[in-house]
Each structure stands twice: as structure tokens, then as C-alpha cells.
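Let me begin by presenting the structure, written as C-alpha cells, before commenting on it.
Protein chains: 2
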Amino acid sequence: MTVSTITSGELLEALVDGLPEGSVITDRDLIESYRQDYARDPDAGVPLAVVRANSTEDVQAVMRWATAHRVPVVPRGAGSGLSGGATAVDGGIVLTTERMRGIEVDPVTRTAVVQPGLLNADVKKAVAAHGLWYPPDPSSFEMCSIGGNAATNAGGLCCVKYGVTTDYVLGLQVVLADGTAVRLGGPRLKDVAGLSLTKLFVGSEGTLGIITELTLRLIPAQPVQSTVVASFSSLQDAADAILAITRLLRPSMLEFMDSVAINAVEDELKMGLDRNAAALLVARSDAPGPYAANEAETMANVCRDNNATEVFSTDDPEEGEAFTVARRFAIPAVELKGDLLLEDVGVPLPQLAALVNGIANIAAKREVMVSVIAHAGDGNTHPLIVYNAADKAMTERAHIAFGEIMDLAISLGGTITGEHGVGRLKKAWLPDYVGEDVMELTRKIKNALDPNAILNPGAII
Amino acid sequence: MTVSTITSGELLEALVDGLPEGSVITDRDLIESYRQDYARDPDAGVPLAVVRANSTEDVQAVMRWATAHRVPVVPRGAGSGLSGGATAVDGGIVLTTERMRGIEVDPVTRTAVVQPGLLNADVKKAVAAHGLWYPPDPSSFEMCSIGGNAATNAGGLCCVKYGVTTDYVLGLQVVLADGTAVRLGGPRLKDVAGLSLTKLFVGSEGTLGIITELTLRLIPAQPVQSTVVASFSSLQDAADAILAITRLLRPSMLEFMDSVAINAVEDELKMGLDRNAAALLVARSDAPGPYAANEAETMANVCRDNNATEVFSTDDPEEGEAFTVARRFAIPAVELKGDLLLEDVGVPLPQLAALVNGIANIAAKREVMVSVIAHAGDGNTHPLIVYNAADKAMTERAHIAFGEIMDLAISLGGTITGEHGVGRLKKAWLPDYVGEDVMELTRKIKNALDPNAILNPGAII
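Laid out in C-alpha cells, this is it:
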């Protein structure tokens, strides 16, 4: 039985037969909500079916079937991806792990074994019950899944001090293209036996295999943080303050918002942010005891030395959290101004001001509004391109700006994506960034592991 | 011109012609010192030549020539490896990067661009001049190269808090089997563009490519440490104390020595260690200011609560360093008792006592002395098998014990190598540990990147 001699009805029947009842969705209306992720790719295909896997065995059954019939499979976590990594493919399967939400926490080894569909926020909550902390915190942590976090090597706000997802993934169970399930790594803090396969699968965006279980490294609960908020009338002053802070110490958060983002947030939250400021920094320290306040005071002084117009400092965790919430709220607040194209470019820290200035030039040239927010301590920015999707010419200009911002980042020694992934939206820029030799190396690994190109085809490559 | 129709003289001539004068060593006596690394593999081959590369271009020239003539190439850093990863192959080339020792430190982005032959200690020294710190610290840090550290994903003493080599490698330049040089990653703290290739090459032991440049992440200088030394009359008590400490806080060091190691060190250093103790722990804290002393006091109390017979605590950095030196000196001190087979197995922390007890049983059964030292906080142990190489039967028993210790680690959910690598000495155990499916996955990647199997053949696979 090959794909050329089988009807799609027979194909589906073979799939349904191999899975628990209720796993396969073919209803057109239900499928609709699985066609796109948060990138809202207008070119998303119409899948043959959506499979809601309950177990590793289910995923294996899907991949065996997919290999036998050469059907593309797009893995999906919570669908909160911003680069179109989970965009459906015509005639393929969307395989969602949303039902796989188990977690077992081992406070003795400080590890957790987690299923991929569990939300990041639920991982944090489950381990907090044991006095432990899973640091990576994408802004979307309340609605993104831990499996998706691993597939994209997701970042967040605390990464400036605590690193990204890959730093906390000790082990994985992965289902390969042919349905084989392998266990890579495990609850061992040091393990160099064989190639670093765990690390290869983290960030592979579902193109090499499907993650069905993760073993996460945990650390003791984060100490109480002190917070500094500083306004600047000059972008360069803010950039200089960022560099000066990261030379002196390791903040537990160092975030940036531009004037547009400040005003959009203030419109909604009315918390007294300086509407005339060109830039706002929110920095935190979680050094133990009074050292948090000391580090906050150091950061406040650095901001003053760099001509901050207003500096506010607090040891009150709730007050500090309010500013973090404001920063996290920047994307939804800006989104209220129009349709959004969400960028994710990064540069070496000294190029931050050049990047933000260059983005302003692109915005002016393309006549779109671009608001820049950033995980400033990492040099990872999220330019938010605001446009009117009903205006065809403007939509086109917005997409041109989207590409020009990546070109600009590359020209400044930066990356086209710091934490969202390449997916489908950014793959046209990947060769420009990494070069043809690295693309060839990438294709060699992809072909070796997925010779029929059925795993998330069209993503990355 | 193929390997079948060319003489070895013509082969060598083609190699010498493509490299700067003095790069190729063919003198038998000189070659001798490049045949083995510290694993002293008695089965080491006799290479055709040793190439001392001066640049990435030299490495490219060697690999182009090696691909054209199907000649195996064994990459070598400082030759301090303990698993035979740099054991020479008959008729092959040993390619040493020992002459490539450049470093450029950028204190603004807190990164360093380093050539692979630079010693770990020299990296530390160069970055310390800028108030910065490169944490990974193998016990051999004064004689191991940073390229070898990356090739093996080396660990060390501070890893319990600060992670291993891969956590500090942001970018690599790698020469592939066919001589292509690729740049992976770079001085960007967050970068998820494409597959995690940098991470794949770290720990690949020269089987996928040859590292010719590294971009390292640096952090601010380590604060002054407080130190606790505790003796225990029971191994279980020491193991319980280790678990209790790691549940409470993150020590900057947590090391273990057994009775044999304590006595071997005391024989040489005469520093007043308790010769009757079954176990000695050396723990440190680098929390800021008085918090280091607080954490040290907490750890001292935990040791007392777990029946430590003697607990000594000091805030004096030099005094604390003396105990770290004693721990680092354990291997050379035990080596004075006989020939050594150096193991490197790791287990999840709760299995530490079971591992050490099981090792004692193996030692008794095989009539060899085994001293256990450990990076206890990581569950990473170094059983030192002491034997007399002149005694053939004993040598055989020592090698049996070497394998049985790995079998034991696997049975306890542990790894066959925590930080030394698989190399040639441990590859027979790798399939038992990772399983046939993971071996197949490993072979697929190896074949895709090195189809002629000329890169460090015989290592890992």
C-alpha cells in the first residue's frame, strides 16, 4: 500500500485504527483552530487531520503511519509560536501534545520529568510546591507549552542571568521519523557519553523528531528581587546604561521599552510611566538578602550617571512585579494599536543603540509604526511592527520592514532570531545569516534523520 | 591519484607541500610523544605523521588532503585526555592544535575568542586581567587545552553551581571532514537561528569536525569563597550530608574523598587530615559578602547533623584554597601508590552511597585497590583503580573492575562518563548505556558528516 494507490479515506482509516478513540479530529471547523500558530501565517495549509496524542505510543503510531504513507507531520504544543513553526501543511497531520500534561517532581535530585503539553506556568507552579524553580520564562509563559519551549529553545526575561531552555533540559524522550522512541540524557547533572543529542533536539523545531517527555533541571526558589525603573530622554543614554550595568553585575532581569511601548502600556495600565521618555529600563536583582537592594542601588546610580530623567527603586516584591507585568503587557498593549508583526532579532550588546536607531529609520522609510521592546541584557529585541491588515499596500510595507530589520541585525553582527525560532516566517533569511556551508551541514543532518522529509517540512529549511 | 596507487612517501610529500614549513613531523622519536594521551592506551597506533597546525587554513589543508587520500586524522589538544580520545591510529595523522594559542577578550560583551590550543589556565588568566571569569575547571586545568575541553565537554569542580563547558561555548569555528570551515554561533547570548550545531560539536570528541576557534561566554570574577571541610566515619553519613546540602543551597564546590585518597594526600601534604575518616567533604560557597560565611555555616551544621566527626570552617581564601588543592592533588597522590586506571562514572545523587559501596565490593572481588574521589554535588565520581602494570594477572583484574564499575553505574541509573568522554577506552560500554537505537542515531549523524570515516575513527563509535 503506497500513497499513490490509497484514497485519503483509507489513509485516515489506517490512522484512526492505530490510535485510541477520539484522538483523530477530521471535523473541518475543529481543524481550523489548529491550522495556524500565533504567527497567523495566511499561507497555512489544510491538514488531513489533527491528532491529539495521549502518549509516546500514540506519537510513535502516527510516525510509523506517516513514514509508511509519506505524510507530513507538523508537531504542535500550545500553538503560541511566533515564527510559524506549527503552521499546518496541506494534506498533512497536525500532531498536538496538548493532552500530555503529566509532571513528576523529584526534589531530591532537583529534577522534573514532564510531558510536553504542560504549560510553562504549570511547570513553574508544580516545582514551586517543592520550593524549587524552573527559570526560563517566555513572556507567553502562561500559555506556552514546555515541549514547544524545548522545540524552540525558548528564552524569556530571566535568561540574562539564568540562561535559556537548553540550559535546563537534561534529558528528552524523542520519537524519530520512523516511529522509534529514543531516550537521550536523563536526570544526571554531568553526562558526556556519546554525542550531545539532547542539545541537538532542543531548538530543532520539530524537524528532527517529536519530543514526548522532558527531564528538567531545577534550582532552588528564586530569592526576593529588588527592582529599578529608569526613564531616559535619549536612547543612547539608555543603551549606555545597559552596557554599564552588565559590566558591573548580573541583573536577574534587564528589560527595555521604547516610547511607543511606554505610551501603549500607560494607556491601558495608567501606572504613571513617563510618557515623554524615549526609553524605559526595568532592572531587577535577586542577590541574597540586602545584596539585592545593594545591586539595585548600583543599577539606579548607573542610570543616574547615564542621565536618566527619573529613577525609581523598590524592594517591595509586589511593586517590582507590577513593573515586570507592565513590561510583559507591552506586546498586548501595542497590539491594541493595530495588527502586529512581531520581530525577534538580537545583536551583541554594544550594537543595541545602532539596532534601535536603524529600526526607526526602517519604520520611517516604510511608513509603519515600529515599537521596540527588548530583553536588553541579552541584546535580544522584539521590534513590534504595527500595521493595518486591511490596507494591502501597508501590509506589504510591513513585511518588507520585517525582512529589512533582519538584514539590519545581520549587518550589525546579530541574529535573525534570539528566542522565537526560524519556523516558516524567517527561513528565507537563514541562509543569509548562517551562510551556505552551514545550510548544507543542516541539510545533511536533516536528511540523515528524516530522509522522507515528513517531519515539519517547510520549517527552518 | 588514490590511496591504492600512491606510496606513503608521495602521500607525505603532498601533505608537506600544502602546509607551512616545519608543520609536519615525521621523526619517529618525536612522533612517539604524540601516540598516546593520558589514557596511555597500549594499543595506540603509529601515525604516518604529526601535523602542528598554526591556523584554521592549516587544518583545512590537512582535511582536504585526508579526504582526497582517505587518511584518518586524530585531532589532539594538549593530550591530557583520559579516555583515549586522542590515541593515534596506524597510518593516520595526529593533528595537534598546540601551537594555536591566541586569545582576544572583549570585556564589553563579556566574551573571548580563543584558539583551541590555549590551556584552560591561560584562558582563566587572560580573562581575569579584565575582572572576568571562565568557570569550567577540570582538575587538569593547568595542562589541558580549551579546544580539548570543548571536544569532551569537560567538567570540573565548580560545575555543581556553574555548569560545564557547553554552557560557556557561544560559538565555534569548525573544520569539517572535507576541509570546509564553518562558523557556528558567535558572541550573541541568545541565538536560535537554525539547528543547535554549536552544541552538537561540543562533546563530539573530534568525530564530526575539528574545532579551530571558540567564542566563550564569561561572567564577572568569582567572589571570595568560604570553605568547609568535614570528616565522616561512615560513608552513608557523608552521602546523606551531600544530599542535605544540595537540597538547601547551591555550593560553589562540593567534593568528596574516600579513606584511601585522604591518606594518600596526607602522606604527601601532611596537612592534618583525619586519617581514620571514611570520607572527607570539601564544600565552598561564593555567595556575596557575609552570605558565603552564612552558607558555609549552614553546610557545617548539615555535616554535624549527619554525624561528621570533625568539621572545620574558614573564611580565609588561602586556607580554603589549600583544601581545594588537596582535593585536586588526590589523583597524583594516589598515583604514587601504583599504576592507575582512572574511572569517571556518574549517578543520580541519591545513588552515590550505593555506587561507592558497590565499587568497594568490586575492588574486594577483583583484588585491586580502588580509591573514590568525586565531584559529589554532581554525582560524578572518579574511582581510581590502583594496580601493578608489571603484574599481568592484576592488570587484567584492574581492567575487569574498570568495566564492572561502568556496569554498576548503568545499573544505578548512572552514566559511564560524566566529564572525560567515551574516547576509545569506554566505547565498548556505550551501547549498553545508551541503547542500540541511540547508537543508530549517532551513526547516522556521524555518517552524514564524515562519510569516509576519517575523523578520529575508533573514538565513540
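In the order they appear, the protein sequences are chains A and B. Using UniProt numbering, read the first sequence as starting at 1 and increasing by one per residue. Using UniProt numbering, read the second sequence as starting at 1 and increasing by one per residue. The beta-carbon is built from N, C-alpha and C at its ideal position, and this holds for glycine as well.
Around B/Pro-350, the same chain offers Leu-243 as residues with beta carbons nearer than 7 Å, after the five sequence neighbours per side are excluded. Using a Cβ-Cβ cut-off of 9 Å, A/Arg-424 is close to nothing in chain B; its nearest Cβ partner there is about 14 Å away. With a minimum length of 3 residues, the unbroken runs of beta strand (DSSP E) contained wholly in the segment 240-295 of chain B fall at 253-258, 279-285. Annotation: B/Ser-371 to B/Ile-359 spans about 9 Å, alpha carbon to alpha carbon. Within the segment 173-212 of chain B, the runs of alpha helix (DSSP H) that reach at least 4 residues and sit entirely inside it are, in chain order, 197-201.
Contact with chain B is absent for A/Val-265, since none of that chain's Cβ atoms lies less than 8 Å from the residue's Cβ. Only exposed fits B/Ser-411, as fewer than 16 other CB atoms lie within 10 angstroms of its CB.
Using beta-carbon distances, B/Pro-348 counts as an interface residue toward chain A, with a partner under 8 Å. The criterion of a C-beta distance shorter than 8 Å is satisfied by B/Pro-136 and B/Gly-155.
Under a 10 Å Cβ-count criterion, B/Ser-196 is classified as buried, with 16 or more other Cβ atoms of the shown protein chains found around its own Cβ. Assigned with DSSP and collapsed to three states, B/Val-325 falls in helix.
The beta carbon of A/Val-356 does not come within 8 Å of any beta carbon belonging to chain B, so the residue lies off that interface. For A/Thr-381, the enclosing beta strand (DSSP E) covers residues 380-387. By the Cβ rule, the segment 214-221 of chain A does not count as touching the segment 261-281 of chain A, because fewer than three pairs are nearer than 8 Å. Assignment of beta-bridge partners to A/Val-228 by DSSP yields A/Ala-283, A/Ser-313. Here A/Phe-323 has Thr-227, Val-229, Val-282 as same chain residues with Cβ atoms under 7 Å from its own Cβ, once five neighbours each way along the sequence are excluded. Per the coordinates, the alpha-carbon of B/Thr-381 lies some 15 Å from the alpha-carbon of B/Val-334. Within chain A, the C-beta atoms nearer than 8 Å to that of B/Ala-448 come from Lys-444, Ile-445, Asn-447, Ala-448, in chain order. When Cβ-Cβ separations below 8 Å define contact, B/Val-108 makes contact with chain A. In this structure, the straight-line span from the alpha carbon of A/Val-356 to that of A/Ala-308 is close to 18 Å. The secondary-structure analysis by DSSP pairs A/Ile-373 across a beta bridge with A/Met-257, A/His-382.
Below the 9 Å Cβ cutoff, chain B contributes Arg-250 as neighbours of A/Ile-219, in chain order. Per DSSP, the unbroken beta strand (DSSP E) holding B/Ala-112 starts and ends at 111-114. Look at the segment 277-295 of chain A: the residues with a C-beta under 7 Å from a C-beta of chain B are Ala-287, Pro-288, Gly-289, Tyr-291. When the five nearest sequence neighbours on each side are left out, the beta carbons in the same chain lying within less than 6 Å of the beta carbon of A/Arg-76 are those of Ala-86, Val-94, Thr-96, in order along the chain.
Within chain B, the C-beta atoms nearer than 9 Å to that of A/Cys-159 come from Leu-189, Lys-190, in chain order. The C-beta distance from A/Ala-61 to A/Gly-18 rounds to 4 Å, short enough to meet the 8 Å contact threshold.
Collapsing the DSSP output to three states places A/Ala-88 in coil.
DSSP places A/Ile-146 within a helical segment (H, G or I) once states are collapsed to three.
Cβ-Cβ distances below 8 Å link A/Leu-48 to Ser-8, Leu-11, Leu-12, Thr-26, Val-71, Gly-91, Gly-92, Ile-93 in the same chain, with the five nearest sequence neighbours on each side left out; the list follows chain order. Taking one beta carbon from each stretch, the segment 168-187 of chain B and the segment 423-439 of chain A have 3 or more pairs nearer than 8 Å; the two touch. Here the alpha carbons of B/Arg-110 and B/Ala-193 stand approximately 21 Å from one another. Comparing C-alpha distances from B/Arg-275 to each of B/Asp-378, B/Lys-161, B/Lys-444, B/Ala-261 shows the shortest one belongs to B/Ala-261. When DSSP states are grouped into helix, strand and coil, B/Asp-106 belongs to the strand group.
Judged by their CB atoms, A/Ser-83 and A/His-399 are not nearer to each other than the 8 Å cut-off. For B/Glu-419, the nearest beta carbon of chain A is closer than 8 Å to its own beta carbon.
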